[in-house]
Amino acid sequence: MNVNVVLQRIRQAMAEKNLKQVDISRGTGIPQPTLSRSFSQAVKVTPTHRKICKYLGISLTEDLDGAGAQALHRAVLDAWDGTERHALALANLVRAAARASAVSSTWGKSS
0 MNVNVVLQRI RQAMAEKNLK QVDISRGTGI PQPTLSRSFS QAVKVTPTHR KICKYLGISL
60 TEDLDGAGAQ ALHRAVLDAW DGTERHALAL ANLVRAAARA SAVSSTWGKS S
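Pasting the structure below:
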């Protein structure tokens, strides 16, 4: 799921519940500086975002029925040989691709 969509949902839920970041920090145990970074410097959905969503009652799985998710699911099933070892290898491959994508998305940006 796109981090901007997740952040929009978080902000909307916070506004509806009249919550500030300090309230989220107290409720989740996430330090305030970490929360602030998760709102301002996010390039992908992180465990911090997932924890905030859980606290606010926001589902991140409802968009998993889209065409892209179905295509990904089919591709994984087509590639998988059915063994646990291969499942773990495919999971590592997907995570490595995500890391490479995150790195390449920061190329050309000035610090």
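In numbering that gives the first Met the number 0, the protein residues as written are 0 to 110. Don't be surprised by glycine CBs; every beta carbon is placed ideally from N, CA and C. What you are looking at is a predicted structure, and each value in this text was computed from that prediction instead of being measured.
Handout entry: Residue from 43, 31 and 24 whose Cα sits closest to the Cα of residue 98
Key = 43
Handout entry: Secondary structure of residue 1, DSSP reduced to three states
Key = coil
Exercise for the section: Ignore the nearest five residues each way along the sequence and tell me which others in residue 33's own chain have a CB closer than 8 Å to its CB. Expected result: 47
Practice task
Please check the pair residue 31 and residue 20, which I expect to be a contact at CB under 8 Å, by giving their CB distance rounded to whole angstroms.
Solution key: 7 Å
Exercise for the section: Please state whether DSSP places residue 37 in a helix, a strand or coil. Expected result: helix
Practice task
With a threshold of 16 other CB atoms inside 10 Å of the CB of residue 5, please say whether the residue is buried or exposed.
Solution key: buried
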